[in-house]
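Numbering (my numbering), first residue to last: 3 to 165. Note that CB positions come from ideal geometry on N, CA and C, so glycine has one too. First comes the structure, then the notes that go with it.
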């Protein structure tokens, strides 16, 4: 059964619609066809067995057949990763998502040579984390936080059970 990750807003009632990048992945990469059974994850910890109803150039429609139990980790892990140049940070985001991190914080350190990322870079990291989650079958998506300095991060230590 193929896995498709939908954002929570794409699921309504007993149906789901994939548009944009999700439609492209389902229709052009996975090449799903009407009648195919797929596993749909909403990225918020829910999973369904579903049937592809239609595929066209603008959207893929699926009918949700039955909700499946998904096992989520009993712990949540947030990682603060110092920014590094080039594709290494993207690789770190991918691997952290695959290993189960629930939150990734780009860390701006004093000796960091990389610049603070803009909105487009943060969105790219969110897509990388979503794709890595889909690849390993995670039922939830890791959050990519806004960049923070060490002092800003220290102020949030009280929000965690262990640091």
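Local Cβ density within 10 Å of residue 25, reported as buried at 16 or more and exposed below that
buried
Terminal residues of the beta strand (DSSP E) in which residue 65 lies
61 to 70
Tell me, please, whether the stretch 56 to 73 touches the stretch 96 to 115 by the rule of three or more beta-carbon pairs shorter than 8 Å.
no
Kindly list the residues whose CB is nearer than 8 Å to the CB of residue 36, restricted to its own chain and excluding five residues on each side of it in sequence; keep chain order.
54, 55, 56, 57
Cβ separation of residue 42 and residue 52, assumed to be a contact under 8 Å, to the nearest whole Å:
5 Å
Within 10 angstroms of its Cβ, does residue 140 collect 16 or more other Cβ (buried), or is it exposed?
buried
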